[in-house]
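Beneath this line is the structure, given in C-alpha cells, with notes to follow.
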Amino acid sequence: MKVSYQWLKEYVDLTDITPQELAEKMTRSGIEVEGVESLNKGVTGVVIGYVQEREKHPDADRLSVLKVDVGQEELLQIVCGAQNVAQGQKVPVAMIGAMLPENFKIKKSKLRGVESQGMICSAKELGLNDKLLPKDQQEGILVLPEDAELGADAIEYLGLNDYVLELGLTPNRSDCLSMLGVAYEVAALYGREVILPDASVTEDGEANPVTVAIEASEQCYEFVGRHFTDAVITSAPQWMKNRLMAAGTRPINNVVDITNYVLLEYGQPLHAFDAKEVSDQQIIVRMAQENEKLTTLDDQKRTLDPEALVIADKEKGLSIAGVMGGANSEIVDNTKEIILESAYYTPASIRRTSKMLNLRTEGCVRWEKGVDQSRVSVASDRAAHLIQKLAHAKVSKGAAKQTITVNQPAVVSVSLAKINQHLGTSIAKEQVAEIFTRLQFTFDQTEQAEETLFTVTVPTRRGDITLPEDLIEEVARLYGYDQIPVTLPTGESIQGRLTKEQQLRRITRHHLIGAGLSETISYALLHPDKLAQFSGLQDERNLHPVPLAMPISEEHSVLRTNLLASLVETATYNKNRQNQDLAFFELGHVFLSEQEQLTEQPEQRLYLGGLVTGQWMPVNWMGVKAPVDFYTVKGLVESLFSRLGVKPLAVTYSANKNRKGMHPGRTADVIVEGEVIGYMGQLHPKTEKDHDLDETYVFQFDLQKLFSFAADLTDYKPLPKFPAITRDLALVVERSLPVAQLEAIIREESGELLESVTLFDIYTGERIASDKKSVAYSIVYRHSERTLLDEEVQEITGKVIEALTKVGAELRS
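In our numbering, the protein residues as written are 788 to 1600.
Structure, rendered in C-alpha cells:
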C-alpha cells in the first residue's frame, strides 16, 4: 500500500510530524513502513508559464522560439525542440538557475544563435513517472490544464512536494489498504481525531430508475446502485490525478478516477457503468452461466464458469463482480448517464474467480483480504458527491439497494489481569481504557471480584480482531513495544529429551539402516485393489479401508490398512528400473476402521514393514552368491528384537497358512508372551508373479505392541570382568521337533548364569536315522562377580541334558 503523506494530512493533523518520524512511529507499532520516497527528485525553480507566441527558429527546422508569460513584467524567450508545443498552452517552465533531477542546472544559453531564457519541461525531466500519464503526454513537453495558476510553483501544483510511504502490510491488516484505515491507525498512535471526507449528496435529479436483484445471495450480501444524468466526461482535476499517481494508479477520466479515488480512500471497490448500455436499468447479481463469455475492460474475451459472480442486466453480463468491468458498458467520452455500483462480495468468491481467470486488480486485493461492509453506502455517497462536483452530473433521487446479510461487529472481552499477565506489565486500567478510546473502540468497563473486565465492541473495519489475544496485541502496540519490560523466564528448567516411543523409533530406524536396509517413505493413500492383496495384523477384526470423499485419482483413493501393499509397490517400481537387489523398510501409519460408512475417526497405528529380495550380499570375486531366504528376514527380526531388549524366552514363532498374499508354507506369526505382534515370510508365488518380482521376503509389525515388550532403555550392563565357560551340545532329535523348543529348554534350565545360546549346526544324512536330525548348540556361561567353577557348569549342563531327554533328545556320540 502506497500512502501519500499530503493526502493523509487531510484526515489527520500531521503539521508537527515529518514523514520520516511518522514512518518510524508506525513501524514501531507493528505496521512496517518499508520506505519513504520523496516525489521531488531535486527539482527547484520551476513555475507555471503560458505560451503567448510561437515562431519557427530561423536557423533550425526542429526548433521553435517561444514567448512565455511566467507572471513577471517581461515575457521570457525560450527555444524549445518539442513537437507538441503550441501557442495558448500552460506548461512547466524551468527558470534560469532552476535545478532538475541529477543536479542539472538551467543556465542562460544560445541555441543556433537565439538566446534561451529557460526551459520548458517534459514529465520525465521533472522526475514524474510518465508511464502513469496518457500516451500523448509521455513524449514531448508536459501540457498542463487551463486552470493551472500562472506563475505558481509547478512542484506544488504537480504534487511533487509529497512523500510516499510504502507499507508492508501483513494479511491480517487489510484495514490499512485504504487512506482512512491508515488515518485511524495514525490517529490512534498520536491520540488525534480523524477528519472524515465530505460524503454529502444533493439529490437534484429525477427518481432513480435502477432496480437491483441479488440472485447469488451466498456470494453477495449487499448492493447499492446510484444513478446520474447529464454527466460531463473529461479529465480529472490535477489534485486528484496527483494522488492517484502517488498511489501508482493511472488517471483515465473524471468518473473512472473518482471510483479509483474512493477505492483508495475508503478501501471500498466501486464500478461505474454507462447506463444506456444497461437494459431497462436493471442490475442482476447472479452466477455465470456455463461457458459464458465476457470481454473485459482490458479487451480480453474471457470464458467464465458457473462459480464466477457476474453483474448483469436481463440480456447480458456487464461485469465480473469484484474483478473487472465489461467493455460493453465502459465509461467513454460521450457517456451522459451513469450507474454506480457499490457492493459487498464474499472474499472466497472473488478469490476463486480471480485465481481461475489469472486476473488480479486493486479491487481483487481488497476483496480477498476483506472489505468493511459498513462502508458500502458511505463510499457510494462519497463517490456521488465527487461525481456531482467534478462531472457536473445530476444525482437521481434515492439509491437502489438490496441487503441480504449484514456483518455484525465482534464483541470481545478481556480482563486487565490477562493483559498484564500476557505482556509482563503492570498497565493501569486507565491506560487500557485510554488506548481503546484512541483506537475508537467502544467498550464497557466493569469491576468483578476486584478484577477489571473490558468488553469491547470492535468496529467492522477491524475484522482482524476476534480474540482476547488480539485486543492484548492492540494494547501492546499502542502502549509501546519498547516500554514492555524485559524479564527472564521463571520456573524450573527441565532438560528436553525424547519420549520412550521416540527413542525406540530412532533405535529401530538406526538398527535397520545399520543392518543394510534403506528407509522408504510412501503414500498412505492406495488403490483399494492393491490394498486388498495383503492382510494386516488385525485379521480377527472386520476392517474396511477408509475412502477419501474427493480423491485426486483412483490410485490414491483409500487409506492403507497395512504396509505390505506400499512396500511391494515400491519394490515393483525399483525392479522395473533394473534395481534387482532390494532391502528396505518403512515406519508408517495405517488406518483401521470397522465402519463401512465412517462416522468417527479411524484408529491410527504405527507399523514397521520391511522387504528383501535378490542377493543379500553382492557377488564376490569368487562368484559366491547369497540370495535372501526366510532366515535372512528372520535374522533381521531377531537382531532388532535383541537391540530393543525383547526377552528371547518371550518370543515364539507359529506357522500361519492363511495370511493373504503370503506363501502358505513359509510364513510365521511372531508371538511375544502369547500376543501376535506381527508376521514374516515369503510372498505368495502368485503375488510375486503378478508384480514381476523374484523370491521376496517381508515382515510387518505393530510397533505399539512391539515397543510394549522392549526393555528399559536406561538399563546398563558393564563389560564382563570374569572369564566365560563354553559347552557344546550335539543332540539327536526327531525331525519334526522345532529347534526353538530345544533352545527354550536350554535357556530355562540354565538360569541366570547363561550368557548366550547359539545354534551352529543342523545335520541330516548318513549315520543319522531318516526320521532324525542332529542339532548342535554352543552354550556360554558367565558369572558377573566371580570366576565360575567347572563343577558349577557341569551341574547346570547335567540339568539341561536331563530336561532335553524328556522331549526325546539324545546326546550324539
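Idealized CB from N, CA, C, for every residue including glycine.
Which class does residue i belong to by DSSP, given the choice of helix, strand or coil?
i, result
"Pro1334", "strand"
"Gly1301", "helix"
"Thr1574", "coil"
"Lys1088", "strand"
"Met1449", "strand"
"Phe1371", "strand"
"Met788", "coil"
"Asp1257", "helix"
"Lys756", "A question about residue 756 goes unanswered here, because the residues of the chain that appear run from 788 up to 1600."
"Pro1414", "strand"
"Glu1094", "coil"
"Val997", "coil"
"Trp1154", "helix"
"Leu1385", "coil"
"Asp1269", "helix"
"Gly968", "helix"
"Ala1596", "coil"
"Glu1077", "coil"
Between the Cα of residue i and those of the options, spot the shortest distance and give me the residue it belongs to.
i, options, result
"Lys828", "Tyr950, Val866 and Pro806", "Tyr950"
"Gly1250", "Val1463, Gly1157, Gly1283 and Glu936", "Gly1157"
"Ala1311", "Asn1194, Ser1116, Gly938 and Arg1347", "Arg1347"
"Glu1155", "Gln1025, Glu1238, Leu964 and Val880", "Leu964"
"Val767", "Val880, Gln807, Leu853 and Gly875", "As displayed, the chain neither begins before 788 nor continues past 1600, which places residue 767 out of reach and without an answer."
"Thr998", "Ser1183, Ile982 and Leu1374", "Ser1183"
"Lys877", "Leu862, Leu1395 and Pro932", "Pro932"
"Glu1260", "Pro1276, Phe1223 and Thr1229", "Phe1223"
"Glu1094", "Asp1159, Ala1003 and Asp1168", "Ala1003"
"Gln1208", "Ser1167, Ile1001, Pro1414 and Val1262", "Val1262"
"Leu954", "Gln1069, Arg815 and Glu1064", "Arg815"
"Asn916", "Gly817, Thr1239, Leu929 and Asp1577", "Leu929"
"Leu1493", "Leu1395, Val1587, Val1562 and Thr1253", "Leu1395"
"Ala994", "Val1163, Gln925, Ala1075 and Gly1185", "Gly1185"
"Pro1389", "Leu898, Gly1552, Val1345 and Leu1258", "Val1345"
"Asp985", "Asp848, Gln874, Ser1167 and Gly978", "Ser1167"
Where do the N-terminal and C-terminal ends of the alpha helix (DSSP H) with residue i fall, by residue?
i, result
"Arg1139", "Pro1134 to Leu1144"
"Leu1395", "Unbroken run through Leu1395 is the beta strand (DSSP E), Glu1390 to Thr1400; no alpha helix (DSSP H)."
"Ile1583", "Asp1577 to Thr1592"
"Lys1176", "Val1163 to Leu1177"
"Gln793", "Tyr792 to Leu795"
"Tyr1440", "Careful: Tyr1440 lies outside any alpha helix (DSSP H), inside the beta strand (DSSP E) at Val1438 to Ala1442."
"Asp1316", "Pro1315 to Leu1318"
"Ala935", "It is not in any alpha helix (DSSP H) - Ala935 carries neither H nor E in the DSSP assignment."
Within 10 angstroms of the Cβ of residue i, are there 16 or more other Cβ atoms? Answer buried if so, exposed if not.
i, result
"Trp1403", "buried"
"His1058", "buried"
"Asn1145", "exposed"
"Asn1349", "buried"
"Met966", "buried"
"Gly900", "exposed"
"Gly1112", "buried"
"Pro1505", "exposed"
"Asp923", "exposed"
"Glu1589", "exposed"
"Trp1026", "exposed"
"Val1459", "buried"
"His1014", "buried"
"Val1019", "exposed"
Would you give the residue range spanned by the beta strand (DSSP E) that residue i belongs to?
i, result
"Lys843", "Thr831 to Lys843"
"Gly1035", "Per DSSP, Gly1035 belongs to no beta strand (DSSP E) and is neither H nor E."
"Ile1512", "Ile1512 to Glu1521"
"Ile883", "Lys877 to Leu887"
"Arg849", "No beta strand (DSSP E) contains Arg849, which DSSP labels as neither H nor E."
"Val1463", "Glu1462 to Leu1470"
"Tyr1310", "Premise fails: Tyr1310 is in no beta strand (DSSP E) and is neither H nor E."
"His1014", "Cys1007 to Thr1016"
"Leu1490", "No beta strand (DSSP E) holds Leu1490; the alpha helix (DSSP H) holding it covers Leu1490 to Ser1495."
"Leu1240", "Glu1238 to Val1245"
"Ile1045", "Run containing Ile1045: none in the beta strand (DSSP E); it sits in the alpha helix (DSSP H), Asn1041 to Tyr1053."
"Glu824", "Glu819 to Ser825"
"Ala1204", "Taken as a continuous stretch (DSSP letters only), Ala1204 belongs to no beta strand (DSSP E), being part of the alpha helix (DSSP H) at Leu1203 to Leu1210."
Every unbroken alpha helix (DSSP H) within the region 1533 to 1558, with a cutoff of 4 residues, ordered by chain: none
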